[in-house]
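**Student:** Protein chains in written order, with our numbering: chain H, 1 to 99; chain Z, 101 to 199. Even for Gly, the Cβ is constructed at its ideal location relative to N, Cα and C.
There are 2 protein chains.
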Amino acid sequence: MYGLIGKMRAQPGKRDELVGLLREATGALPGCLSYIVARDPADTTAIWITEVWTDADSHKASLTLPDVQAAIARARPIIAGFEVQIETEPVGGFGLPEA
Amino acid sequence: MYGLIGKMRAQPGKRDELVGLLREATGALPGCLSYIVARDPADTTAIWITEVWTDADSHKASLTLPDVQAAIARARPIIAGFEVQIETEPVGGFGLPEA
Chain H
1 MYGLIGKMRA QPGKRDELVG LLREATGALP GCLSYIVARD PADTTAIWIT EVWTDADSHK
61 ASLTLPDVQA AIARARPIIA GFEVQIETEP VGGFGLPEA
Chain Z
101 MYGLIGKMRA QPGKRDELVG LLREATGALP GCLSYIVARD PADTTAIWIT EVWTDADSHK
161 ASLTLPDVQA AIARARPIIA GFEVQIETEP VGGFGLPEA
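1) Please list the partners that Z/P141 has in chain H, where partner means a Cβ-to-Cβ separation under 8 Å.
2) So, at 7 Å on beta carbons, what are the nonlocal neighbours of H/A80 in its own chain, with the 5 sequence-adjacent residues on each side left out?
3) What residue from Z/E189, Z/G193 and Z/A175 has the CA that sits closest to Z/E117's CA?
4) Considering just the uninterrupted stretch of the alpha helix (DSSP H) at H/R76, what are its terminal residues?
5) What does the alpha-carbon distance come out to for the pair Z/Y102 and H/V37?
6) Using a C-beta to C-beta distance shorter than 8 Å, which residues of chain Z count as neighbours of H/R23?
7) Are Z/I105 and H/I5 touching if we call contact CB-CB under 8 Å?
8) Between the C-alpha atoms of Z/A128 and Z/W153, what's the straight-line distance to the nearest angstrom?
9) Give every residue of the same chain whose Cβ lies closer than 8 Å to the Cβ of Z/L165, excluding the five residues on either side of it in the sequence, and list them in chain order.
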């Protein structure tokens, strides 16, 4: 499996709107096992996104899907930046579909 | 919801053993919605754990369960330390049970 842990920053006052866009964009995408969007309670513009994919190629391919491209285009103006982007190798746990 | 993103470090050569203990400890615990254990591909002793709970109290209560206490006791000798512990407020996404 392939995982990502990312911290994204919204433009001031735009976090809820950005969270909404991120949630819309993540219906069942091919190869996506988990995609969780969270607010940072200590930082009013920060969003944490934790993702699990079957493999890195599935994640990469998702970025080219028309719905995802459209969501990225709508989100871009209210994204202030990316501060953390960590790749991981998920090995299991609770809350993932059976491999 | 209540989330945690943590980076734990295993004693050298003990990461796989620690990952195994972490996975064992996380059958369906009350209030646990997601608990994913991942290796850090860039750091041979590091483990990332991402958790989602219904609320902070459920997480806190889980630490007192006998099975969890037993797993903690077995893991402690091979844990070298904790480097990151971020609290989050998950708001949704894909891969969580319906609220």
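**Tutor:** Reading off the structure:
1) Neighbourhood of Z/P141 in chain H, by CB distance below 8 Å: E87, T88 and E89, in chain order.
2) Counting only Cβ-Cβ distances below 7 Å, and skipping sequence neighbours, we find R9, A10, Q11 and T45.
3) Taking the Cα of Z/E117 as reference, the smallest distance to any Cα among Z/E189, Z/G193 and Z/A175 is reached at Z/A175.
4) Segment: none, H/R76 is in no alpha helix (DSSP H) and carries neither H nor E.
5) If I take the Cα positions, the gap works out to 12 Å.
6) At a beta-carbon threshold of 8 Å, the residues of chain Z lying near H/R23 are V191, G192 and G193, ordered along the chain.
7) For Z/I105 and H/I5, yes; Cβs fall inside 8 Å.
8) If I take the Cα positions, the gap works out to 11 Å.
9) Same-chain partners within the cutoff: L129.
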